[in-house]
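Converting from the sequence shown to the working numbering requires adding 22 to each position, the first position being numbered 1. All residues carry an ideal CB built from backbone N, CA and C; glycine is no exception. What follows is one structure encoded as structure tokens, with my remarks underneath.
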Amino acid sequence: MFTPSLSTPPRLAWRQLAFGLGCAALIVSSGWLMIAQAKSPTAKASSAGQARHLTFTHPSPITNTYLPLSKLHQDVLEGNEGRKKMRIERTRKPGTRTFMVNGKPVVASIVEDREWSNGKVEEVTLDYFAQSDDGSVCYMGESVDNYRNGKVVGHEGAWLTGEHNAQPGIIIPGHPKLGDKFHSENVPGITVEADEVVAVDETVTVRAGTYKHCVKIKEMVSGEDPEYKYYAPNVGVVREVPAEGNMQLISHK
């Protein structure tokens, strides 16, 4: 998020070497292989994604231009995922929760996501966020209640910084640049999501209005189609585009 992104490695030139240079080609290929592994999507993202190295002198308020959660009262998004009609109410909650990061306490703000599918509550999540010293909004984890017919039936996807060696993720950099790569979640066995800034000057029109200079982030989970989110200055998320759907902001308070 905050450092230059890793570029895609070039095609390995050693493939074009003559057979008689096999030994030299082997040396060159080994070197390129090491570079490719370091830069491939399956390798670690750039240091922007290594939240464990971030510092949190004043983790709240959260004043990031593209996700100013301290100003949030409630956002409402509506749309569809496949044939399901979806609604999300995103509300900043009173109070905080403290996490230990590198042996130091970090006070996180709390945001509730209440999600409806075809008029029924499907999931209620408490998300925990803190702002690092470089302005990045970091994700400290989530408490999840999955619902069916009005009853809690599970807690799929829940994780918290400090439990089972989980480290904070990064939702958006303090100063997002095209090509920035990072992990918003990196909890093996629960959820691993690799993100990339793919645009920094988008204009997005939704029911709540038209927003300019939006940052577009591609979210990737292994085995799933990518999802895209659009962050508007001084507002936050104004559009979410899952593989088979479209969610848009209808009100912002």
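The closest CA to that of I212, considering only R114, T183, V237, is found on T183. Beyond the five residues adjoining it in sequence on each side, G117 comes within less than 7 Å, by CB distance, of I132 in the same chain, given in chain order. Uninterrupted beta strand (DSSP E) stretches at least 3 residues long and entirely within the segment 186 to 210 occur at 191 to 194, 203 to 209, given in chain order. Closest in C-alpha terms to G245, from the list R109, A216, T227, comes A216.
T232 is classed as exposed because its beta carbon has fewer than 16 other beta carbons within 10 Å across all chains shown. A direct Cα-Cα distance of roughly 10 Å separates D167 from V143. Residues R109 of the same chain have their beta carbon placed closer than 6 Å to that of W138, with the five preceding and five following residues left out of the count.
A straight line joining the alpha-carbon of E241 with that of S82 spans about 25 Å. Rounded to whole angstroms, F204 and E218 show a C-alpha spacing of 7 Å. Between E207 and E103, the beta carbon gap of about 19 Å keeps them out of contact (Cβ cut-off 8 Å). The Cβ neighbour count for N86, taken over all protein chains shown within 10 Å, is at least 16; the residue is labelled buried.
The continuous beta strand (DSSP E) containing H235 extends over residues 231 to 243. Ranked by Cα distance from V263, the first of N124, P248, E134, I272 is P248. If you draw a straight line from the Cα of L271 to the Cα of R229, it comes to about 6 Å. Residue state for S92 is assigned as helix, using DSSP reduced to three classes. Partner residues in the beta bridge of N268, as assigned by DSSP, are N102.
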